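Chains as they are written, first to last, in this note's numbering: chain A, 1 to 435; chain B, 436 to 582.
Written below as structure tokens is the structure these notes are about.
Right under this line is the structure:
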């Protein structure tokens with residue numbers, strides 16, 4: 001454990017959270033007109049926050065709010081105190097911009113060091129960091145965390161898969177940081193290049209995040225590389241990676257002395273009890289440049305508050321099932337891409353690489369899944385391939401309760417992600433039929 | 436017998452999209468590989484191209500590195516007179532012995548001969564070769580196809 005607070009008694013932790021929450025509320029109320037206006041509209045004064053339960057009375061903040069105040073409208077400090085700025089890609093509108101003071105950087109480095117310590121990363125390790133460096137928080141977040149614990153960092157960033165494999169092997173990398181889809185891509189390329197992944201590489205653990213991964217994909221990475229799979233969860237609006245990290249017992253612990261989690265009903269906004277699935281909401285309680293009150297992540301998860309075998313008392317969040325945004329509604333049934341992926345990993349004969357294509361057929365939604373035939377188990381027979389299709393369709397119906405049309409495509413033809421995988425093509429939107 | 440008469444056939448998975456067959460054949464042409472026999476099985480969305488070539492090892496490596504999904508397996512060929520009833524005779528011998536045929540294709544092997552290629556289910560392979568042999572049907576050695 002990097003910091004004793006991770007295993008502190010809940011009362012001590014909650015006392016600290018309340019104190020920090022009260023400070024943060026004062027800070028945003030007096031320094032950010034947006035928050036003052038929202039609080040005033042609800043008739044809430046900063047002094048009204050007397051317990052952690054009072055958090056429920058505070059207004060939500062959304063991604064749209066960040067966009068509306070582009071670029072620095074929600075900052076509580078002038079730019080001369082800001083030492084770092086990151087930004088989202090802004091593919092769906094104006095980019096969202098986040099800033100860090102020196103203190104915020106220390107918080108970020110602290111939580112990343114805690115993440116790294118989940119598997120005892122230290123001076124003995126070589127950390128190969130394949131997260132993208134740049135405006136995306138992934139690359140630099142892991143970089144600083146790994147340096148903090150004394151590891152040697154290889155800042156390889158994304159792309160150039162073959163060269164990355166060469167460096168990982170020659171430098172004796174022991175820790176891999178990347179998106180799960182890129183790690184799988186590296187395994188495929190590595191095998192094509194003739195490497196024996198477990199013998200030629202020394203990767204003992206991997207920090208995987210930035211996109212949801214099914215249990216099947218996780219197991220594939222464990223099997224291919226022979227590594228311990230550590231989940232890394234974060235989002236730039238809160239701080240970047242390091243909001244929560246998986247322990248070796250597979251529990252994703254939220255560093256809630258800095259980021260208080262809640263789960264709410266997406267429709268009504270009401271806080272749900274532990275154990276109930278809903279949208280994850282975070283309030284930062286130590287950030288200076290861009291504190292955020294009740295930020296709606298759109299991530300769907302469940303919270304648990306029992307002490308973990310690893311000794312941490314921090315709240316556990318279940319792996320994100322999907323973004324509320326990614327959730328597809330197919331003829332009225334909710335479907336997450338991760339569920340489709342899970343089915344694919346259960347059936348032999350196809351790879352976990354897929355694209356979901358949604359279209360309309362008359363008034364009905366039509367869902368197609370394009371999936372690659374696994375070239376290691378390619379059966380020479382139309383009948384065998386048709387059976388494979390039928391089996392996948394049946395499994396999808398059993399697990400997802402929807403009719404899916406499977407289309408088999410040639411291996412390695414689907415677009416490979418260098419960062420986050422693009423899994424969904426929704427033609428319904430293009431035609432303006434839905435949403 | 437399986438070893439002596441097994442002919443390496445390459446099966447290639449192809450999506451039904453424009454130009455894909457062209458790409459396979461171009462890769463083979465560029466590597467100077469001669470196709471000795473071929474058959475194409477197709478469904479609505481994809482097909483399987485089956486090839487017997489003069490140099491299966493080279494063809495396999497060329498196609499693999501060009502990104503095609505393929506599988507190599509043994510098929511068997513017999514030599515028959517190029518005249519009515521020849522195919523019937525062979526199929527009858529097999530049917531009488533309850534041997535299933537996964538698939539078959541043929542080509543004219545010269546002025547008076549035809550060559551039939553068979554893929555048998557692996558568990559029936561031994562008995563298939565046995566009944567063909569006993570019926571006096573001539574199996575073709577792989578050297579006939581290879582360089």
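Every residue, glycine too, gets a C-beta built ideally from N, C-alpha and C.
Keep in mind that this is a model prediction, so the values were computed, not measured.
Contact list for residue i against chain A, beta-carbon separation under 8 Å
i                      : result
residue 480 of chain B : 407, 408
residue 547 of chain B : Those do not exist, as residue 547 of chain B stays about 32 Å from chain A at its closest Cβ, beyond 8 Å.
residue 537 of chain B : 381
residue 508 of chain B : 380
Residue i, DSSP secondary structure in three states
i                      : result
residue 109 of chain A : helix
residue 352 of chain A : strand
residue 430 of chain A : Residue confidence is low: residue 430 of chain A scores 48 on pLDDT, short of 50, so the model does not pin down where it sits. Its coordinate-derived value is still stated next. Three-state result, residue 430 of chain A: helix.
residue 384 of chain A : helix
residue 150 of chain A : coil
residue 22 of chain A  : helix
residue 269 of chain A : coil
residue 542 of chain B : strand
residue 345 of chain A : helix
residue 563 of chain B : helix
residue 529 of chain B : helix
residue 135 of chain A : coil
residue 124 of chain A : coil
residue 522 of chain B : helix
residue 157 of chain A : coil
residue 398 of chain A : helix
residue 435 of chain A : With a pLDDT of 33 at residue 435 of chain A, under the threshold of 50, the modelled position of this residue cannot be trusted; read the value that follows with caution. Of the three classes helix, strand and coil, the one that applies to residue 435 of chain A here is coil, per DSSP.
residue 404 of chain A : strand
residue 178 of chain A : strand
residue 581 of chain B : coil
residue 568 of chain B : helix
residue 216 of chain A : helix
residue 297 of chain A : strand
residue 440 of chain A : With chain A covering only 1 through 435, there is no way to say anything about residue 440 of chain A.
residue 222 of chain A : helix
residue 276 of chain A : coil
residue 2 of chain A   : coil
Residues that residue i bridges to, as DSSP identifies them
i                      : result
residue 481 of chain B : B/450
residue 443 of chain B : B/509
residue 443 of chain A : This structure cannot speak to residue 443 of chain A, because chain A is shown only from 1 to 435.
residue 87 of chain A  : A/97
residue 317 of chain A : A/252, A/303
residue 129 of chain A : A/177
residue 554 of chain B : B/538
residue 235 of chain A : A/240
residue 361 of chain A : A/364
residue 229 of chain A : A/206
Which listed residue (the options) has its alpha carbon closest to that of residue i
i                      : options                    : result
residue 243 of chain A : A/249, A/235, A/250        : A/235
residue 264 of chain A : A/131, A/22, A/299         : A/299
residue 222 of chain A : A/120, A/20, A/184, A/115  : A/184
residue 392 of chain A : A/26, A/36, A/346          : A/346
residue 409 of chain A : A/349, A/394, A/426        : A/349
residue 34 of chain A  : A/11, A/19, A/67           : A/67
residue 182 of chain A : A/200, A/169, A/218        : A/218
residue 320 of chain A : A/141, A/78, A/22, A/277   : A/277
residue 204 of chain A : A/155, A/118, A/98         : A/118
residue 96 of chain A  : A/80, A/65, A/13, A/368    : A/65
residue 261 of chain A : A/282, A/334, A/247        : A/282
residue 190 of chain A : A/211, A/170, A/209, A/165 : A/165
residue 509 of chain B : B/455, B/581, B/572, B/553 : B/553
residue 54 of chain A  : A/403, A/25, A/139, A/245  : A/25
residue 518 of chain B : B/454, B/494, B/546, B/449 : B/546
residue 438 of chain A : A/256, A/340, A/365        : Look at the range of chain A in this structure, 1 to 435, and you will see that residue 438 of chain A is not part of it.
residue 198 of chain A : A/192, A/207, A/187        : A/187
residue 442 of chain B : B/562, B/555, B/524, B/571 : B/555
residue 63 of chain A  : A/56, A/57, A/74           : A/74
Interface partners of residue i on chain B, CB under 7 Å
i                      : result
residue 386 of chain A : 478
residue 373 of chain A : 448, 504
residue 382 of chain A : 476, 478, 483
residue 411 of chain A : 504
Interface partners of residue i on chain B, CB under 8 Å
i                      : result
residue 352 of chain A : Chain B residues near residue 352 of chain A: none, gap ~16 Å exceeds 8 Å.
Any chain C beta carbon closer than 8 Å to residue i
i                      : result
residue 134 of chain A : Note that chain C does not occur in the displayed structure, where the protein chains are A and B.
Sufficient close CB pairs (3 or more, under 8 Å) joining the stretch 485-503 of chain B to the stretch 513-527 of chain B: no
The stretch 541-555 of chain B in contact with the stretch 493-507 of chain B per 3-pair CB rule at 8 Å: no
Segment contact flag, the stretch 278-290 of chain A with the stretch 98-107 of chain A, C-beta cutoff 8 Å, min 3 pairs: yes
contact_flag[the stretch 186-206 of chain A, the stretch 225-241 of chain A] where n(CB pairs < 8 Å) is 3 or more: yes
Cβ contact check for the stretch 456-476 of chain B and the stretch 522-542 of chain B: 3 or more pairs under 8 Å: yes
Segment contact flag, the stretch 556-576 of chain B with the stretch 517-531 of chain B, C-beta cutoff 8 Å, min 3 pairs: yes
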